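Novice: Quick note, the sequence shown lines up with residues 50 to 247 if you use the working numbering.
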Amino acid sequence: MGLIVAIGPKDAYVIRQSLLGRHLLVMMGICVGADVALIALGTLGLGTIVARYDWVMQAAAIGGALFLCWHGLVALRSAMGETAVPDLSNGADISLRQVVSATCVMSFLNPLALLDSGLLIGVISGTKPDSERLGFAAGAVSASVLWFALLIGGARVVAPLFRMPIMWKVLDFAIAAIMFTMAFVTASSVLDRGIPNG
């Protein structure tokens with residue numbers, strides 16, 4: 050739960066899209082499905098294998114930090130620009146194809162998601178007896194379902210507040226701060242472990 054419950058780029062996208070209220074079940078299905086696939090790969094041994102090679106973990110962490118910085122800059126630029134309040138009554142003009150493609154990119158091409166849901170959960174699973182790994186994976190998947198249900202449901206509850214332009218600025222500033230903080234923490238974990246010489 051600790052690895053899944055964190056506001057990363059995918060979670061920030063889910064919050065924004067949930068406020069608009071379009072194609073939410075499809076978006077949730079892709080998010081959870083991606084976590085299921087990554088958790089399955091990790092618990093089947095990928096995480097344990099990769100953990101033997103520090104440079105792979107470090108490359109994933111550096112990629113994740115850069116990915117977070119990029120999303121932080123996008124959110125900061127949005128917060129500092131002119132804010133146009135989307136029409137929350139009809140979810141704006143967002144197609145199913147746009148939601149599917151954006152959610153897939155955030156789920157499968159996000160180095161931080163690969164690091165957390167695939168590698169780290171896989172490494173933790175590798176420390177458990179074979180008889181407990183299936184239950185551990187099921188618990189991780191349950192945490193993913195609960196987290197995205199809370200994100201989407203919570204965003205819909207507070208959606209009326211986002212009829213005010215200032216709230217979109219507050220959201221974007223908050224997302225930018227979280228992205229930069231997580232990028233710093235992720236990069237620091239690489240520096241703490243040190244870069245291997247060969």
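We put the beta carbon where it would ideally sit given N, CA and C, even for glycine.
Since the structure is predicted, the reported quantities are computational estimates derived from the model, not experimental observations.
1) Return the Cβ separation of ALA187 and MET50 in integer angstroms, given the expectation that the two are a contact with Cβ distance under 8 Å.
2) Going by beta carbon distance, what residues of the same chain come within less than 7 Å of CYS153, once the five residues before and after it are set aside?
3) Express the C-alpha separation of LEU183 and SER150 in angstroms, rounding to a whole number.
4) To which residues of the same chain is ASP60 closer than 7 Å at the C-beta, ignoring the five residues directly before and after it?
5) Let me know if PHE233 comes out buried or exposed under the rule of 16 or more other beta-carbons within 10 Å of its beta-carbon.
6) Given this structure, state the Cα-to-Cα distance separating ILE53 from ASP165, to the nearest angstrom.
7) Give me the residue from GLN107, ARG126, VAL206 and MET77 with the minimum Cα distance to ILE224.
8) When you compare each of LEU220, MET77 and LEU115 to VAL190 by their alpha carbons, which one comes out closest?
9) Please classify PRO44: is it buried, with 16 or more other beta-carbons within 10 angstroms of its beta-carbon, or exposed?
10) Looking at the structure shown, is ILE143 part of a helix, part of a strand, or coil, going by DSSP?
11) Kindly indicate which three-state DSSP category ARG101 falls into: helix, strand or coil?
12) Alpha helix (DSSP H) containing LEU90: first to last residue?
13) Which residue spans inside the region 153 to 184 form an unbroken alpha helix (DSSP H) run of at least 4?
14) Count the other CB atoms within 10 Å of the CB of ALA124; is the residue buried (16 or more) or exposed (fewer)?
15) Is it true that the CB of ALA162 sits closer than 7 Å to the CB of ALA236?
Specialist: So, from the data block:
1) The C-beta separation of ALA187 from MET50 comes to about 13 Å, leaving the pair out of contact by the 8 Å criterion.
2) Within the same chain, and ignoring the five residues on either side of CYS153 in sequence, the residues whose Cβ sits closer than 7 Å to its Cβ are ILE79.
3) The alpha-carbon separation between SER150 and LEU183 amounts to approximately 30 Å.
4) LEU200
5) exposed
6) 7 Å
7) ARG126
8) Closest option to VAL190, judged by alpha-carbon separation, among LEU220, MET77 and LEU115: MET77.
9) Because the chain spans 50 through 247 in this model, residue 44 falls outside it and cannot be assessed.
10) coil
11) coil
12) 73 to 90
13) 170 to 175
14) It is buried - the Cβ of ALA124 has at least 16 other Cβ atoms within 10 Å.
15) Taking 7 Å as the cut-off, the Cβ atoms of ALA236 and ALA162 do not count as close.
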